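Undergrad: Sharing a structure, written as structure tokens. Questions coming.
2 protein chains.
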Amino acid sequence: MDSTEYQKHGKDMVDYIANYLETIRERRVFPNVSPGYMKELVPPEAPEVGENWEEIIGDVERVVMPGMTHWQSPHMHAYFPTTHSYPALLGDMLSDGINALGFTWASSPACTELEIICMDWLGQLIGLPKQFLHKEQKTLSGGGGVIQTTCSEATFVALLAARTEAIKRLRKENGMDHSSDALLASKLVCYCSEQAHSSVEKASLIGLVKLRLLPTDDEHRLKPDSLKECILNDRKQGLVPFYLCATLGTTGCCSFDSLEQLGPICEEEGMWLHVDAAYAGSAFVCPEFRHLLAGIEYAHSFVFNPSKWLLINFDCTAMWVKDSGALHCTFNVDPLYLQHENSGDAIDYMHWQIPLSRRFRALKLWFVLRAYGRKGLQAHIRKSVALGKFFENLVRKDDRFEIPAKRHLGLIVLRLKGANALTERLLKNLNKGGKVHMVPASLKGTYVIRFTITSTRTTEEDLIKDWKIIQDEASKLIADGGMSIELPSANEHGLAKTGPRRKMLLRRRYTWAHYNRQWDMSLLLSNVPVRPSVVNGTFAALYDNKDRRLSSSTDDVHDIDGTSKESSGRRGERSQQVTLKLTRKVLSLDTGFATMKAGPQPIGTNIFVPTIDEMSNSSAEELSLPTQADNSNVRSENKSEMEVPKSPRKVWLPDPANHLLDKLANLKVFRKLGLSPTSPNESGVIPDPLLLKAKQEMNGHYGVDG
Amino acid sequence: MDSTEYQKHGKDMVDYIANYLETIRERRVFPNVSPGYMKELVPPEAPEVGENWEEIIGDVERVVMPGMTHWQSPHMHAYFPTTHSYPALLGDMLSDGINALGFTWASSPACTELEIICMDWLGQLIGLPKQFLHKEQKTLSGGGGVIQTTCSEATFVALLAARTEAIKRLRKENGMDHSSDALLASKLVCYCSEQAHSSVEKASLIGLVKLRLLPTDDEHRLKPDSLKECILNDRKQGLVPFYLCATLGTTGCCSFDSLEQLGPICEEEGMWLHVDAAYAGSAFVCPEFRHLLAGIEYAHSFVFNPSKWLLINFDCTAMWVKDSGALHCTFNVDPLYLQHENSGDAIDYMHWQIPLSRRFRALKLWFVLRAYGRKGLQAHIRKSVALGKFFENLVRKDDRFEIPAKRHLGLIVLRLKGANALTERLLKNLNKGGKVHMVPASLKGTYVIRFTITSTRTTEEDLIKDWKIIQDEASKLIADGGMSIELPSANEHGLAKTGPRRKMLLRRRYTWAHYNRQWDMSLLLSNVPVRPSVVNGTFAALYDNKDRRLSSSTDDVHDIDGTSKESSGRRGERSQQVTLKLTRKVLSLDTGFATMKAGPQPIGTNIFVPTIDEMSNSSAEELSLPTQADNSNVRSENKSEMEVPKSPRKVWLPDPANHLLDKLANLKVFRKLGLSPTSPNESGVIPDPLLLKAKQEMNGHYGVDG
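In structure tokens form, the structure reads like this:
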């Protein structure tokens, strides 16, 4: 393709994009494809000779678009927004055209200098203290802003910087050298709330430090007292608290940790305070939301995603630090500075990040800040929030629904009153329909649908339409008495296969953590912490009629016909530990089965992994089932409806586990739910206790006879 | 900006980009700006209200372009290429327009599925074994390809996966749990050659593992025997070797480690073999270069950058692994798999990488693979290599120059015969001129100019022009007898400042490693390992007349007038350790001053940091000066010319260090070079021994009387 052809095709592309965006409302927001759909549509190898552009571009609608989730659709309400805008698109177009890298000042001075300027502009716009601005710095390792690729990366970078500082301190105190860094790291422990983003856990895993997920209060905010208590306990154990990730606008329900309360604790304890405001950060361009930022002066680092809600296409993550020296020390051993008067203007950003290279992302930021101005950005944020309120009011008018946590900004969480399974089924049906798309979250065991205002194209009319779809689906669900909650057959569970190759899943330990004891496959669509970590499984959140057997990544799978990969002695030993695992709905939200002994446990490199034996041997006090009472303040009106049914119900277990039935029957979770383990009935239909329970409750709620 | 305006401005942007690229030859490839230039051109804050697009876009030429290094210029020969192509630009344009994220299959199925397909296509194109292809996998944690942001990140991800596997093994062997992971990591040691990319060192630092940089042979390839020996020694010390990063196409001179030799060692030792082919990987689309890939079947992971040389704009890094389970275990504790028949088609790529979110980068890859086809890509690579050969022949015809390492692909290293300082000055003058841009490298103490064929627009005519510029500059340099090597004044060194606030730099330890004992500021432009790590200093590689004082990031700077930040007792103690440090040219390439005691030392978390006392107390054997003989095979014709001058020369030292003069005079490095420390003369002009030496040598080489 020469430049003349590019000019033609490029202009066609501009038209295509404009048309795509302006007519996006007509597309199904969520695709109707099955895994592997695309490989049927394309050849198995790259072509030998180049193809015509017309052929290639024609395949966008044939091959790609049928499998797209349209994030810019006004009916997209899943995850968080990834807004963009035309000026941003032009900025990235130009950046790609120039295709220059700016890893050092010298590699392309304009890339670095424009980033310095734009990050100062943006920092001022959202009201950051001047310690975070480049232009206010007097030292060569002073504060400033940098564009990172994602918030997850920024959280990790901040954790690393904090780790570096902590290790440096410990090294000095103990007269050790760099060779002891890993040893010292083994003492470090970091904190976040149970509602923090999963990236904090990922960061602690990679960073080889212990993590504690702390409980939250009624409004899902990290409890300062719990933090203090936990720090105290950890110090007693010889651990060294070094990092807190506070969240402004959690993924689950957009709750805000209080920096004013947490900041002083961090200061006192010499801990690095990192603030993750991935979504909510954009709102701080409006003064009326800035009270949620109070206490920011305590923070060592702050990050938000202009690529989420500030009209800049992905990727663009704005991160500020007070002490860039901590970053330099993270990525270099004993960094040195040139004492040049221009040093502060000549940052080598490669020392602020994990990768070496970096795109010229400041261009699109510059274009957007200038094309909208402060007032334009404020208007955009205020419009989203107003739409959020508008939708909240729609929901409140329908008393079949409830909003179990306060709305913040453009995120509303809602659910059908009653059992979690009902709301879960509602969401799955809606996503299957593809006209509106949302993802779930678990708030202290309560399954909610997260409804986010994401698209700049969303109008009140769109929301009315979306709400109508949701209401209609709910009515249908309730009307058929829950029969649209499909009963998975034994075969569909993959458990009824026979023959010598039939596999049974054995795991030595049931990997699982207290903070997310209630979950189901559909929660995979969410990004809040999810344990056990199911990988390559998000399709199952949609295709829940299919095989949902789980296997571990390690050596814990073997054949039940005796062709074990392990020695037979070992196998026998392990068979005793067969658990319910996640092959069945019994581990769905309503049946999560145990809490931790007491208080938060360190996870990450020190994860708590009770075996089935531990669980069955635990006392009743240790195995308490989370009940509706956990959410009493929010859902008090339903308390009585959530009482555990009196008559025992059956739980199907795969044959080989039958010898464990007695053991399981004694688990408090079963007793509390009134369930007792059993085998599948002759028809092969599994009597699903959850569905039965859900149906029973519906009778109470909606007066429908299933 | 509404869609109509976008259509207008977008089409103008297409024209602007086409015009920019087609006329890029006319622009100065390297900018003529000083640090901080931009802040004079823009307001200190973002505008209050949105600006007109015309104003904004007009500022691209006024504000941005003057500070750009034009990476697509045919006269750009620095770093490695970042090629792009019109189909790639269209791909990213569309990706930005759609602005969808593909962190899980469900978040946008087409994003994941197109990536699976394109990575298989690409893997087949370059001849990867089928263990690396998605479509060949039978297990849920099988091999496959993934697009990462950068090679640095891929190297780090591979190191993490290897660390996970190693720790898992150690945990099992020692009956430990996750809480011991950091402790176990302290035993781990990884390897790469001294010519490997700096990102390996960065990865080892962040990964909290020890790193050994191994010596290379005459062709700058990692020596398998050294690896074996080092592993043996490490095992004796109780360390656990776990990871080798082999490089195909090093940054310095594009040398190729032998996978056929290194692979079996890794296999035998149970080590993860990661292959970094960042630049050279693209060449493997041509069968004639694939012999350099021999042994790839031993690799656990392989990475190259289509964004470097395969016509795809940054970012696009292609990484393949044999065992994706190792990645899943890295980013999750004990991951679980769904045993669904479609699992292999429904990858959740968030578990293959550090960040959560990811752009739809497969689109541009798809467009390029289809628009060019196998043959088109081969033709592109072959053209670059032919141009490399063409340029090599130009250089060989001028006997003032030498090519101290074999040319591979499109990278030629060259230098003026004689002292390093001469070539260094040549390069600085050329970059100052801005008509052609290159960066240096250090090959075992030999300073070279790296000349890379980067742009798809480069022609033979361009190369003839570039070569003429280089020759003319060399002639000028030689003609004035080296006087264009500017003598920095004491004031310019920032050392002649007076008054109570005069600062003196004190460092407890001189941070420095054996593998890069020879370096100078200009090497900051390069990306090969550079120690000590000077941050925010690449501008100094260009502005070498300015202040080059160095300070450490820690607390090692204090006032010489006695207003020390430290206690005075401490200060006195530390003053004894004042070293030459990096305030002067005496640490330039020609005067690097000591080698390690014996063999490679672990760096990274276990860096070797001799103090001045250690150095001055060392025996003559320990402090051997690298001489021309180190490169005898390459530069044998110059051996005699490099003999150390017999008469003693003077080295200027700052006053406060005078008491160290005697000590320093006894260093073998000084004796060997025939230098003796002294104070600046009365005129304030520093007699720079390097420059004198360079001039003297020039006399020998070029018959010019300085």
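In the order they appear, the protein sequences are chains G and A. If you're matching positions, the first sequence starts at 6 in our numbering and goes up one per residue. If you're matching positions, the second sequence starts at 6 in our numbering and goes up one per residue. Beta carbons are placed, not taken as given, at the ideal position from N, Cα and C, and that holds for glycine. This one's a predicted model, so the numbers in the text were calculated from it and none came from an experiment.
(1) In the DSSP assignment, find the alpha helix (DSSP H) that holds Gln129(A) and state where it starts and stops.
(2) Looking at the C-beta of Tyr452(A), does it have a partner C-beta in chain G at a distance below 8 Å?
(3) If you pair each beta-carbon of the region 419-436 of chain A with each one of the region 41-60 of chain A, do three or more pairs fall below 8 Å?
(4) State buried or exposed for Lys644(A), treating a residue as buried only when at least 16 other CB atoms are found within 10 Å of its CB.
(5) Compare the C-beta of Glu170(G) against all C-beta atoms of chain A and say whether one is closer than 8 Å.
(6) Which residue wins for smallest C-alpha separation from Glu478(G), given the options Leu421(G), Glu466(G), Glu224(G)?
(7) Grab the span of the beta strand (DSSP E) containing Ser306(A) for me, first residue to last.
(8) How would you call Lys590(A), buried or exposed, if buried means at least 16 neighbouring beta carbons within 10 angstroms?
(9) Tell me which residue opens and which closes the alpha helix (DSSP H) that Ile29(G) is part of.
(10) Figure out for me which residue from Val290(G), Ala376(G), Gly438(G), Cys197(G) has the closest Cα to the Cα of Ile131(G).
(11) With which residues is Pro246(G) paired in a DSSP beta bridge?
(12) Buried or exposed: where does Asp239(G) fall if 16 or more other Cβ atoms within 10 Å of its Cβ makes it buried?
(13) Straight-line CA distance for Glu465(G) to Arg364(A)?
(14) So the candidates are Met18(G), Ser198(G), Ile61(G); which of them puts its Cα closest to the Cα of Lys248(G)?
(15) In chain A, what lies closer than 7 Å to Asn532(G) by C-beta?
(16) Quick one: list the residues of chain A neighbouring Glu56(G), beta-carbon separation under 8 Å, in chain order.
(17) So, helix, strand or coil for Val69(A), using DSSP?
(18) Start and end of the alpha helix (DSSP H) containing Met98(A)?
(19) Any beta-carbon of chain A closer than 8 Å to the one on Ser447(G)?
(20) Report all residues from its chain with a CB closer than 8 Å to the CB of Leu399(G); omit the five preceding and five following residues, and keep chain order.
(21) With a threshold of 16 other CB atoms inside 10 Å of the CB of Gln153(G), please say whether the residue is buried or exposed.
(22) Quick one: Cα of Asp353(G) to Cα of Gln200(A), how far?
(23) Out of Phe35(A), Leu119(A), Gln242(A), which one is the CA nearest neighbour of Pro71(A)?
(24) If we cut at 8 Å on Cβ distances, does Lys44(G) have a partner in chain A?
(25) When DSSP builds the beta bridges, which residues end up paired with Gln153(G)?
(26) Show which residues of chain G have a CB atom less than 7 Å away from the CB atom of Thr155(A).
(27) Quick check for students: name the residue ranges of the alpha helix (DSSP H) that lie wholly in the region 401-461 of chain A, counting only runs of 4 or more.
(28) Please check if any C-beta of chain A sits within less than 8 Å of the C-beta of His14(G).
(29) Counting contacts by CB-CB distance shorter than 8 Å, is Trp110(G) in contact with chain A?
(30) Can you confirm whether Ala285(G), when its beta carbon is compared against all beta carbons of chain A, has any partner nearer than 8 Å?
(31) Just to make sure I have the definition right: I need the residues of chain G whose C-beta is within less than 7 Å of the C-beta of Leu190(A). Which are they?
(32) How far does the beta strand (DSSP E) with Asp281(G) in it reach, from first residue to last?
(33) Would Gly243(G) be called buried (16 or more neighbouring beta carbons within 10 Å of its own) or exposed?
(34) Any idea what DSSP makes of Lys173(A), helix, strand or coil?
(35) For Leu594(G), does the three-state DSSP call read helix, strand or coil?
(36) Rounded to a whole number of angstroms, what is the C-alpha to C-alpha distance between Asp20(A) and Ser389(A)?
TA: With the structure as the only source:
(1) One-based indexing of the second sequence puts residue 129(A) at position 124. Counting along the chain, the alpha helix (DSSP H) containing Gln129(A) begins and ends at 114-130.
(2) Against the second sequence, residue 452(A) aligns to sequence position 447. Not an interface residue.
(3) No contact exists between the region 419-436 of chain A and the region 41-60 of chain A.
(4) Residue numbering aside, residue 644(A) sits at position 639 when the second sequence is read from its first letter. In this prediction, Lys644(A) has a pLDDT of 34, which is less than 50 and means its spatial position is unreliable; nothing more can be read from the coordinates.
(5) Your numbering for residue 170(G) matches position 165 in the first sequence. Residue contact check for Glu170(G) against chain A: no CB pair falls below 8 Å.
(6) The residue given as residue 478(G) occupies position 473 in the first sequence. Glu478(G) has its Cα closest to that of Leu421(G), out of Leu421(G), Glu466(G), Glu224(G).
(7) Residue mapping note: residue 306(A) aligns to position 301 of the second sequence, counting from 1. DSSP places Ser306(A) in the uninterrupted beta strand (DSSP E) bounded by 306-309.
(8) One-based indexing of the second sequence puts residue 590(A) at position 585. Below a pLDDT of 50, predicted positions are generally treated as unreliable, and Lys590(A), at 24, falls in that range; the measurement from the model is reported next regardless. Here Lys590(A) is buried, its C-beta having at least 16 other C-beta atoms within 10 Å.
(9) To locate residue 29(G), count along the first sequence from 1; it is residue 24. Premise fails: Ile29(G) is in no alpha helix (DSSP H) and is neither H nor E.
(10) By one-based count along the first sequence, residue 131(G) stands at place 126. Scanning Val290(G), Ala376(G), Gly438(G), Cys197(G) for the CA closest to the CA of Ile131(G) turns up Val290(G).
(11) For this step, residue 246(G) is matched to residue 241 along the first sequence. Pro246(G) is bridged to Val194(G).
(12) Position 234 of the first sequence, counting from 1, holds the residue named residue 239(G). Buried, since its Cβ has 16 or more Cβ neighbours within 10 Å.
(13) Locating residue 465(G) in the first sequence gives position 460, counting from the first residue. Locating residue 364(A) in the second sequence gives position 359, counting from the first residue. Rounded to whole angstroms, Glu465(G) to Arg364(A) spans 29 Å at the Cα level.
(14) Counting from one through the first sequence, the residue named residue 248(G) turns up at place 243. In the sequence on display, residue 248(G) carries Tyr and not Lys. Tyr248(G) has its Cα closest to that of Ser198(G), out of Met18(G), Ser198(G), Ile61(G).
(15) Your numbering for residue 532(G) matches position 527 in the first sequence. Listed by position along chain A, the residues whose Cβ is nearer than 7 Å to that of Asn532(G) are Leu361.
(16) Counting from one through the first sequence, the residue named residue 56(G) turns up at place 51. Arg375, Ala376, Gly378, listed in chain order.
(17) As a working note, residue 69(A) is residue 64 in the second sequence. Three-state result, Val69(A): helix.
(18) Numbered from 1 along the second sequence, position 93 holds the residue referred to as residue 98(A). Residues 91-103.
(19) By 1-based counting over the first sequence, the position of residue 447(G) is 442. Interface residue (Cβ-Cβ distance to chain A less than 8 Å): Ser447(G) is not classified as such.
(20) The residue given as residue 399(G) occupies position 394 in the first sequence. Apart from the 5 residues on each side of it in sequence, Leu399(G) sits with its Cβ closer than 8 Å to the Cβ of Leu468, Ile469, Trp472 in its chain, given in chain order.
(21) For the purposes of this step, residue 153(G) is identified with residue 148 of the first sequence, where counting begins at 1. Buried, since its Cβ has 16 or more Cβ neighbours within 10 Å.
(22) By one-based count along the first sequence, residue 353(G) stands at place 348. By one-based count along the second sequence, residue 200(A) stands at place 195. Distance between the alpha carbons of Asp353(G) and Gln200(A): 22 Å.
(23) To locate residue 71(A), count along the second sequence from 1; it is residue 66. Measuring from the Cα of Pro71(A), the nearest candidate turns out to be Phe35(A).
(24) For the purposes of this step, residue 44(G) is taken as the residue at position 39 of the first sequence. It does; some Cβ of chain A falls within 8 Å.
(25) As a position in the first sequence, residue 153(G) is number 148, starting the count at 1. Residue pairing for Gln153(G): DSSP places it in a beta bridge opposite Thr322(G).
(26) Translated into the one-based positions of the second sequence, residue 155(A) becomes position 150. What Thr155(A) touches in chain G: Pro360, Leu361, Ser362.
(27) With a minimum length of 4 residues, the unbroken runs of alpha helix (DSSP H) contained wholly in the region 401-461 of chain A fall at 425-438.
(28) What you label residue 14(G) is simply residue 9 of the first sequence in a count that begins at 1. The beta-carbon of His14(G) is placed less than 8 Å from the nearest beta-carbon of chain A.
(29) Walking along the first sequence from the start, residue 110(G) turns up at place 105. At least one C-beta of chain A is nearer than 8 Å to the C-beta of Trp110(G).
(30) In the first sequence, the residue the question calls residue 285(G) occupies position 280. Ala285(G) does not count as touching chain A.
(31) As a working note, residue 190(A) is residue 185 in the second sequence. It is Ala, not Leu, that sits at residue 190(A) in the sequence shown. Within 7 Å Cβ-Cβ: Ala187, Leu213.
(32) Residue mapping note: residue 281(G) aligns to position 276 of the first sequence, counting from 1. For Asp281(G), the enclosing beta strand (DSSP E) stretches over residues 277-281.
(33) Mapped onto the first sequence, residue 243(G) falls at position 238. Using a 10 angstroms sphere on the CB of Gly243(G), the tally of other CB atoms stays under 16, which defines it as exposed.
(34) In the second sequence, residue 173(A) corresponds to position 168, counting from 1. The answer is helix: DSSP assigns Lys173(A) an H, G or I state.
(35) Sequence index remark: in the first sequence, residue 594(G) carries index 589 (1-based). For Leu594(G), the pLDDT reaches just 32, beneath the cut-off of 50, and the residue's location in the model is therefore unreliable, leaving the point undetermined.
(36) Taking the second sequence and counting its residues from 1, the one referred to as residue 20(A) is at position 15. Taking the second sequence and counting its residues from 1, the one referred to as residue 389(A) is at position 384. The alpha-carbon atoms of Asp20(A) and Ser389(A) are separated by roughly 27 Å.
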